[in-house]
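Peer 1: Shown below is the structure under consideration.
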Amino acid sequence: MLEVIYKNFLILFITIFLIMLSYTGYLFLYGEIDNSTLVIHKVAGILLIILSLLHFYTKRKKVKKLLNEFIHIITNEKVTLDSDMDLLIDLVENKTLEEICIIFNISFEELNTVFEKNSIKRCSKEVTLKEVSDINSFKIFPLIVKILEQKIRK
């Protein structure tokens, strides 16, 4: 509860100090420079820097994740995400259909039923889930969901 209030006040004060900095900058642009506006401008700038650092510290995990993704995109590497869905896809995308049946504890006939119901083409038991998704222009996660639905309904 307190963390939510802290984050909201942090964003509120960052916005206020940005407006103050913009307003005093606007006054400087039109030649209205005096000691009070200069002091307000400096204080707003310093407090904005401090609050921004606090904001980055609060969001450090998200900033680290975004920086890692940016580096992976620039270096043309595969972007690895930490979501459970992506981990599941990474685990099963290179498994053959036979291995998928073992993993999800379903028979190959049940898997065929799932594929037939959803008009999904496949070649043999040795085809990987990734190849099945490529053949059918289907994403891997919906395939996994269909298999899990069959398993749960069983």
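Numbering-wise (the numbering used here), the sequence shown opens with residue 2 and increments by one. Every residue gets a Cβ at the ideal spot worked out from N, C-alpha and C, and that includes glycine.
(1) Do residue 60 and residue 94 have their CB atoms nearer than 7 Å?
(2) Does DSSP put residue 76 in a helix, in a strand, or in coil?
(3) Out of 145, 58 and 99, which one is the CA nearest neighbour of residue 8?
(4) If the criterion is Cβ atoms closer than 7 Å, does the pair residue 112 and residue 124 meet it?
(5) Can you tell me whether residue 40 is buried or exposed, with buried defined as 16 or more other CB within 10 angstroms of its CB?
(6) Under 7 Å between the Cβ atoms of residue 34 and residue 90?
(7) Between residue 105 and residue 148, how many whole angstroms is the CB-CB distance? I'm expecting something under 8 Å.
(8) Give a yes or no on whether the C-beta atoms belonging to residue 45 and residue 11 are separated by under 7 Å.
(9) If I measure Cβ to Cβ from residue 38 and keep anything under 8 Å in the same chain, skipping five residues before and after, which residues do I get?
(10) From residue 47 to residue 84, what does the alpha carbon distance come to, in whole angstroms?
Peer 2: This is what the structure gives:
(1) no
(2) coil
(3) 58
(4) no
(5) exposed
(6) no
(7) 6 Å
(8) no
(9) 25, 28 and 29
(10) 37 Å
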